[in-house]
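Numbering (my numbering), first residue to last: 63 to 522.
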């Protein structure tokens, strides 16, 4: 990819451009308002081996290619390194998305500062903030690294020129929706511009072995703004899940070609930036002192390869309307409604005239079916206004017939529960699959939801 000059004519009145000069502006109809302009645009330099951003390969049998393990460079933030699979991989493209103000730029600047060394320079490019703004944030975070370079730029041509000048090992682009190619129609952030710019940055990353971090905006629904193909093109997609009003941030890997998916990292926003929460179970369990209150149950969850204990809370109240209300936060809504129907039909809970509210503490979003039993236990406890057994955890999937089904890595979850002081676990029969429970933990197994709730004295 090389640069060439582009000549066009810009109208002083309406700001529209045209490729040819004319006495009258074709857009607004004004006379003698077109002035000649020159811009530097991207031009492809062919597909030969000398092209820097080309990562084409010859055609030969796959068995002839040698498989080499990905070399990683640890960032130094254990939560972030684990999400990536152990560190950044040369030639990878990482997309980081999240709501405005949630900490994407803060985390990126901290990561860039930790990676930058004399033999591993980092280039940070911002299309949204001025050098003064980023410098102010750097002072607050204590970032003062001569190997961390910065540029405020939105033109992709100039970004590529800066990469060829600095020759960094890592490039951070904040954000991909602000970068544009001047030789393409459409403004920055349009689907055409986003796809084209991401494709060029992908070639740059693969051709140079350059790690590229792309920061992305999200829509009101929480999805990344722009075409869906953006997530397909990159190697890793990271999402901030927590609301920005919360001081804690949950970062989840929803795609990772170089490591596990659905790994999470937990951070706390402070005046010094994002700090790691090394024991997130304590965060998700809240302040638990004394016997558990009615309407709570502790779930032994698994996020990626990490066991986590999360408190599930429920509130049941008499409805004042003809149709009972169901409101859920942190748990899949449709799954929660199904579980309430199972409780009503299979266990005799009269929820058809009750409003039911369910949430997961700590701002974590639970995706796994193993949370079913904990949700049912919390709703049952809230309905009866009766606390469940002290120091107990719940784990298991509930079928529509009311049967309990096992989930994966039960022993690892129970070990984490024992480490945090829990003494009793309610799990499906056969969940341990030949393995033994950790010594010191009492395991109560059940074949059905009714049997599990009855053993916990949570049946009506």
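Glycine included, C-beta positions come from ideal geometry on N, C-alpha and C. All figures in this text were calculated on a predicted structure; none of them were measured in a lab.
Within this structure, are the beta carbons of residue i and residue j separated by less than 8 Å?
i, j, result
"residue 366", "residue 428", "no"
"residue 473", "residue 494", "yes"
"residue 464", "residue 380", "no"
"residue 187", "residue 157", "no"
"residue 503", "residue 520", "no"
"residue 370", "residue 359", "no"
"residue 449", "residue 416", "no"
"residue 522", "residue 411", "yes"
"residue 185", "residue 228", "yes"
"residue 172", "residue 336", "yes"
"residue 68", "residue 245", "yes"
"residue 455", "residue 422", "no"
"residue 457", "residue 432", "yes"
CB-CB under 7 Å to residue i, same chain, minus the five flanking residues each way: which ones, in chain order?
i, result
"residue 175", "205, 207 and 210"
"residue 453", "483, 484, 485 and 486"
"residue 444", "356, 357, 376, 377 and 378"
"residue 331", "165, 309 and 311"
"residue 525", "Residue 525 is absent from the structure shown; the chain starts at 63 and stops at 522."
"residue 280", "159, 160, 161, 286 and 287"
"residue 218", "104, 241, 242, 243, 259 and 262"
"residue 338", "139, 140, 141 and 329"
Report the partner residues of residue i according to the DSSP bridge assignment.
i, result
"residue 159", "278 and 301"
"residue 406", "Per DSSP, none; premise fails for residue 406."
"residue 73", "96"
"residue 320", "Its beta-bridge partners do not exist; DSSP assigns none."
"residue 337", "330"
"residue 80", "71"
"residue 311", "329"
Excluding five sequence neighbours on each side, which residues of the same chain lie with their C-beta closer than 6 Å to the C-beta of residue i?
i, result
"residue 160", "166 and 302"
"residue 114", "Bear in mind that the predicted position of residue 114 carries a pLDDT of just 42, short of 50, making it too unreliable to give a figure here."
"residue 82", "none"
"residue 299", "157, 293, 316 and 317"
"residue 90", "75 and 76"
From which residue to which residue does the beta strand (DSSP E) around residue i run?
i, result
"residue 505", "504-508"
"residue 331", "326-332"
"residue 269", "It is not in any beta strand (DSSP E) - residue 269 instead sits in the alpha helix (DSSP H) that spans 253-270."
"residue 362", "358-365"
"residue 421", "416-422"
"residue 431", "Residue 431 -> no beta strand (DSSP E), and no H or E assigned at all."
"residue 375", "368-380"
"residue 143", "Premise fails: residue 143 lies in the alpha helix (DSSP H), 140-146, not in any beta strand (DSSP E)."
"residue 523", "With the chain represented from 63 up to 522, any question about residue 523 goes unanswered, as that position is not in the structure."
"residue 233", "232-236"
Could you tell me which of the options sits nearest to residue i, measuring between CA atoms?
i, options, result
"residue 343", "98, 424 and 260", "424"
"residue 490", "482, 471, 501 and 481", "471"
"residue 197", "228, 178, 218 and 168", "168"
"residue 274", "426, 478, 511 and 151", "151"
"residue 439", "515, 431 and 432", "515"
"residue 216", "82, 230, 237 and 200", "237"
"residue 496", "488, 478, 468 and 479", "468"
"residue 272", "173, 182 and 397", "182"
"residue 139", "414, 132 and 147", "147"
"residue 276", "284, 282, 68 and 257", "257"
"residue 240", "384, 389, 337 and 259", "259"
"residue 261", "144, 222 and 227", "222"
"residue 231", "395, 135 and 200", "135"
"residue 189", "201, 213 and 200", "213"
"residue 278", "170, 390, 180 and 432", "170"
"residue 361", "458, 368, 354 and 372", "372"
With a threshold of 8 Å on Cβ separation, who are the neighbours of residue i within its own chain once the five nearest residues in sequence on each side are excluded?
i, result
"residue 249", "242 and 255"
"residue 111", "Legend: pLDDT at residue 111 = 33, less than 50; position of this residue unreliable, no value from coordinates given."
"residue 511", "404, 405, 408, 409, 435, 438, 460, 464, 465 and 466"
"residue 79", "70, 71, 72, 73 and 99"
"residue 324", "314, 315, 316, 365, 366 and 429"
"residue 253", "288 and 289"
"residue 334", "202, 203 and 204"
"residue 322", "147, 315, 366 and 367"
Within the continuous alpha helix (DSSP H) that includes residue i, where are the two ends?
i, result
"residue 491", "From DSSP, residue 491 is part of no alpha helix (DSSP H); its letter is neither H nor E."
"residue 222", "218-228"
"residue 292", "291-295"
"residue 197", "193-203"
"residue 213", "Taken as a continuous stretch (DSSP letters only), residue 213 belongs to no alpha helix (DSSP H), being part of the beta strand (DSSP E) at 210-214."
"residue 172", "166-177"
"residue 185", "No alpha helix (DSSP H) contains residue 185, which is instead part of the beta strand (DSSP E) from 184-188."
"residue 388", "Counting along the chain, residue 388 falls outside any alpha helix (DSSP H), though it belongs to the beta strand (DSSP E) covering 388-391."
"residue 461", "Careful: residue 461 lies outside any alpha helix (DSSP H) and carries neither H nor E."
"residue 283", "That residue, residue 283, is in no alpha helix (DSSP H); it is neither H nor E in DSSP."
"residue 477", "472-481"
Would you please verify whether the beta carbon of residue i is less than 8 Å from any beta carbon of chain C?
i, result
"residue 503", "Of the protein chains in the structure, only one exists, and it is not chain C."
Using 7 Å as the cut-off, classify the Cβ of residue i as near or not near the heavy atoms of the ligand SAM, replying yes or no.
i, result
"residue 190", "Of ligands this structure carries none, so the ligand SAM is not represented either."
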